[in-house]
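Chemist: Residue numbers (our numbering): 276 to 670.
C-beta: ideal position from N, C-alpha, C; glycine also.
Fair warning: this is a prediction, and the values are worked out from it, not measured in the lab.
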């Protein structure tokens with residue numbers, strides 16, 4: 276997860292505060308009386324995926340015990356997160372599966388901050404498999420630092436069991452934004468270069484302990500996410516039921532983040548020329564918005580007719596159908612992002628779901644972050660063996 280920019284953070288905290296009641300945050304409960312399959316069908320989950328759950332012998336992708344589906348939920352059309360467990364017996368946590376970072380951390384009983392107390396906290400004394408490393412570390416974000424103590428324990432995701440996994444137990448968390456967020460921690464899925472030096476990432480240990488069928492994982496984000504169903508992360512494989520058409524593969528150009536090349540960016544049929552000398556894009560499941568290089572933001576908003584106010588970059592809701600489609604030139608193919616995807620309608624207030632890129636480019640190339648807004652349109656595949664990212668139109 277890249278650090279949230281100030282505007283994105285204000286927008287998210289304001290939205291979450293709307294659901295605040297007294298000293299607590301209102302959780303949207305799961306519905307009662309329907310099976311998970313019925314809920315998923317109601318929310319538009321592809322029928323092919325539902326058939327796969329029944330073991331349909333005609334499925335396109337053969338799942339084995341080493342391929343895992345983890346359902347994701349979504350809160351207030353922001354982050355997507357799923358459940359993992361740590362320790363013996365298992366203690367459960369909701370985490371973002373984040374391709375923009377490489378560390379795993381959760382709140383712990385070592386932390387007495389309101390942000391920690393308001394979430395599930397790991398109690399190391401209750402786990403028979405926990406061992407302390409006696410090292411502390413600070414994870415730095417734009418909205419504040421998270422101090423953690425490091426330890427080892429068993430991490431479980433569905434049928435995946437990783438033993439002796441290093442992770443962070445929070446010692447201190449800033450109330451804003453963590454108190455208001457509906458997930459507990461973050462599970463980083465980027466390259467080790469952005470993780471804590473000297474320790475294996477969870478993905479590294481999954482592969483070393485033969486917990487993945489293939490060194491690959493993929494994401495499906497629903498275009499209409501809810502708390503009941505927001506999508507899937509598939510660990511160890513590709514689920515062809517969750518996309519249509521062919522997969523476009525593009526190489527990772529720097530094995531730190533999942534960073535790819537962008538050859539051109541067009542607004543409608545008009546090429547901007549912004550990437551004539553090449554652009555870079557970080558494929559980041561831990562960033563909600565699509566971020567645009569700061570030097571292009573003013574021209575971009577003008578082309579879309581967006582005006583800035585306290586809600587963000589606002590457009591007339593009636594004009595959304597006629598707004599231009601955005602195109603990203605990646606590996607010789609134009610990937611489209613229609614206004615129905617990049618414009619959010621919040622009770623009649625329509626905003627363009629973009630922000631200026633808030634991290635510096637390491638080599639001077641204009642830098643984009645392809646966050647959840649982009650990834651709602653495209654099923655994304657992260658191939659560790661071949662250092663490449665795949666995109667296919669989401670089903």
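Does DSSP classify residue 574 as helix, strand or coil?
Modeler: helix
Chemist: Please list the segments of the beta strand (DSSP E) lying wholly inside the segment 370-411, counting only runs of 3 or more residues, in order along the chain.
Modeler: 379-381
Chemist: On a Cα-Cα basis, can you pick out the residue from 575, 369, 588 that is closest to residue 457?
Modeler: If you compare the alpha carbons of 575, 369, 588 with that of residue 457, the shortest gap goes to 369.
Chemist: Taking all protein chains shown into account, decide if residue 593 is buried (16 or more other Cβ within 10 angstroms of its Cβ) or exposed.
Modeler: Classification for residue 593: exposed.
Chemist: Take residue 661 as the anchor and find which of 353, 428, 548, 491 has the nearest alpha-carbon.
Modeler: Of the candidates 353, 428, 548, 491, the one whose C-alpha sits nearest the C-alpha of residue 661 is 491.
Chemist: So within the segment 451-531, which uninterrupted beta strand (DSSP E) runs reach at least 3 residues, ignoring any that extend past its ends?
Modeler: 460-463, 491-496, 506-510, 518-526
Chemist: Does residue 355 have its Cβ less than 8 Å from a Cβ in chain C?
Modeler: Reference to chain C is not applicable here, since this structure consists of a single protein chain.
Chemist: How about residue 626 and residue 613: do their beta carbons lie closer than 8 Å?
Modeler: no
Chemist: Could you tell me the distance, in whole angstroms, from the CA atom of residue 639 to the CA atom of residue 568?
Modeler: Using only the alpha carbons, I get a separation of about 11 Å.
Chemist: Sort 618, 467, 445 by Cα distance to residue 590 and report the nearest one.
Modeler: 618
Chemist: Using 10 angstroms around the beta-carbon of residue 486, count the other beta-carbons present and answer buried if the total reaches 16, otherwise exposed.
Modeler: buried
Chemist: Within a Cβ cutoff of 6 Å, which residues of the same chain sit near residue 493, ignoring the five residues on either side of it in sequence?
Modeler: 509, 513, 656
Chemist: Assign residue 653 to one of three DSSP states: helix, strand, or coil.
Modeler: In the structure shown, residue 653 adopts extended strand secondary structure according to DSSP, grouped into three states.
Chemist: Can you tell which of 466, 399, 584, 428 has the C-alpha that lies nearest to the C-alpha of residue 658?
Modeler: When only C-alpha atoms are compared, the closest one is 466.
Chemist: Mark residue 669 as exposed unless 16 or more other C-beta atoms lie within 10 angstroms of its C-beta, in which case mark it buried.
Modeler: buried
Chemist: Beta strand (DSSP E) containing residue 344: first to last residue?
Modeler: 343-349
Chemist: Just curious, the beta strand (DSSP E) that residue 355 is in, first and last residue?
Modeler: 355-361
Chemist: Short of 7 Å in beta carbon distance, which residues of its chain neighbour residue 502, apart from the five on each side in sequence? Order them along the chain.
Modeler: 303, 348, 349, 350.
Chemist: Sort 506, 450, 596, 561 by Cα distance to residue 390 and report the nearest one.
Modeler: 450
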